[in-house]
Amino acid sequence: MSFEEDARKKLERYIAATERVFRTMEVLFPEDASLRKQAKENLRLSRIYFEDSKYYFGKQDYITALVCIAYCEGIIDACRNMGWLRYEWTFGATPN
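Printed below as a string of structure tokens:
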């Protein structure tokens, strides 16, 4: 399998898993106004990176798409670690 084909398949899985997270996540914004503002901004940025990843995937720019989805996943994982989100990652079958 070529690098490009491997990247495309992995990105399809990452994008699908992240879509599931956005559909099913429970958002638990903090009571503190300053922290709530930060949480909302981080969630907004994660959605932008997610949409950017899908855009670049559609352009077959798989490296940029992978960078964007990695940023998105990192932000939402950090928000979960702060207690602002609840969700589980599900990736389906592992590619060969």
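Whatever position you read off the sequence shown (first residue = 1), add 3 for the numbering used here.
Glycine included, each C-beta is placed from N, C-alpha and C at the ideal position.
Around the C-beta of Leu-14, 16 or more other C-beta atoms lie within 10 Å, and the residue is accordingly described as buried.
Cα atoms of Ala-81 and Gln-41: separation of roughly 12 Å, rounded to the nearest angstrom. By the neighbour-count criterion, in which 16 or more other beta carbons inside 10 Å mark a residue as buried, Thr-21 falls on the buried side. Short of 6 Å from the beta carbon of Ala-10, and not among the five residues preceding or following it, lie these beta carbons of its own chain, in chain order: Tyr-65. Bounds of the alpha helix (DSSP H) holding Tyr-58 are 36-61.
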